[in-house]
Amino acid sequence: MLRFVPEYTPPTKEVLQKFREIIGGIDRLIVLTGAGISTESGIPDYRSEKVGQYARTNYRPVDHTDFMSSEGWRKYYWSRNLVQYPSFSRSKPNIVHKTIADWEKSSKFTWLITQNVDGLHTEAGSRKVTELHGCGRRVRCMKCNTLYPRDEVQKWILEANPDWLEKMVGTKEPEGGEHLTEEAIDAFKLPHCPKCGPGSILKTDVIFFGDCLRGEDMSTSYEKLEQSNGMLVLGSSLQVMTGYNIVRAAFVQSMPIVIVNIGPTGADDLATMKIAAKCSDVVKEVQL
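Here full-length UniProt numbering is used: position 172 in the sequence shown is 172, and no number is missing along the way.
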């Protein structure tokens, strides 16, 4: 499960003591998480050296406009998603997800904002959570807005493409679907909404690049931030402006900000404390 965790140095006792002191002085904590917390669940992040998706594969996100306007792009997305999904669906919450869910029991915990789409916070028991970028365990019809479980859609795809995996992929599960050929993608048959029929567009319920975040999710995030007096960022490089802007707003509010991320982040200069360590080595040191 640690093969997607970048190289790191365990935090020292002195670092952990300072971390406990800062978090202990916060009585209304808001937490922001990114892909780095799920690497310990076997889900790679995007940007980490050597082990991130961008470093290991030719994967690049599909643009929202391309997906909506081009059947070819939809086939590209869904064929890869079909191949990736078994591994994705097997992932389970790790100690970081479980610890944050446990923090909800404390009056010192305000809210969790996650940039992750893996649904592991919810599976771990988090309820005070905003999934800023949606969730890959749901699929939305872009015509009638109906939501379907991703597990159910997987069955529809396999029924529509009974021999596709064996012929085009083989028996070995290729990591991320990066080896799919143009022939394989072209032969792939797209799933459709049972209510709207063939030609309807199904899309995983996540925010693609170039898409707009949901207004209610942004409003909730900033409302909860205003109710807080300290922020903990876990496993995010803060290269996406949405997450960075939330941290920037916390900085403007003069609240202490602790960032735990193995690599550098876009907001290191805003942090009260930055810890370059594995998230699980740090969060287990705190009980709210």
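Just so you know, even glycine gets a beta-carbon here, dropped at the ideal spot from N, CA and C.
Residue i burial status per 10 Å Cβ neighbour count (16 or more: buried)
i, result
"T65", "exposed"
"K50", "Because the pLDDT at K50 is just 45, under 50, the model does not fix this residue reliably, and the value given afterwards should be weighed accordingly. Classification for K50: exposed."
"Q115", "buried"
"G52", "Reliability fails at G52, whose pLDDT of 40 lies under 50, so the model's placement of it is uncertain and the value that follows must be treated cautiously. G52 is buried by the Cβ-count criterion."
"F67", "buried"
"C212", "exposed"
"P11", "buried"
"M231", "buried"
"V252", "exposed"
"L180", "buried"
"A277", "buried"
"K13", "exposed"
Start and end residues, alpha helix (DSSP H) containing residue i
i, result
"M68", "64–69"
"M218", "215–226"
"C279", "279–283"
"L16", "13–24"
"G243", "241–252"
"V153", "150–160"
Own chain partners of residue i with C-beta closer than 7 angstroms, once the 5 adjacent residues on each side are dropped
i, result
"T110", "R28, L29, I30, K224, Q227, S228"
"S200", "C141, K143, H192, C193"
"N161", "F188, K189"
"D281", "P10, P11"
Cβ shell of residue i (< 8 angstroms), same chain only, five flanking positions each side left out
i, result
"K195", "C141, C144, T146"
"D268", "I259, K274"
Delimiting residues of the beta strand (DSSP E) encompassing residue i
i, result
"D205", "202–206"
"E123", "Note, E123: premise wrong, no beta strand (DSSP E); alpha helix (DSSP H) at 120–124."
"residue 319", "Nothing can be reported for residue 319, as the shown portion of the chain is limited to 1 through 288."
"E182", "It is not in any beta strand (DSSP E) - E182 instead sits in the alpha helix (DSSP H) that spans 182–187."
"V129", "129–131"
Sequence-distant residues of the same chain with beta carbon closer than 6 angstroms to residue i, five excluded per side
i, result
"C135", "V117, G119, D205"
"Q239", "G266"
"L234", "T33, I37, V260, C279"
"F209", "P61, D63"
Residue i Cβ short of 8 angstroms to the ligand FMN heavy atom set
i, result
"Q253", "Ligands are entirely absent from the displayed structure, and the ligand FMN is therefore not among its contents."
(message) In chain order, what are the residue ranges of uninterrupted alpha helix (DSSP H) at least 4 long that sit wholly in the stretch 62–118?
(response) 64–69, 71–90, 95–103
(request) Answer yes if the stretch 145–165 comes into contact with the stretch 72–87, meaning at least three C-beta pairs across the two stretches below 8 angstroms, and no otherwise. (result) yes
(message) I'd like to know if the stretch 6–22 and the stretch 276–286 are in contact, where contact means that at least 3 CB-CB pairs between them fall below 8 angstroms.
(response) yes
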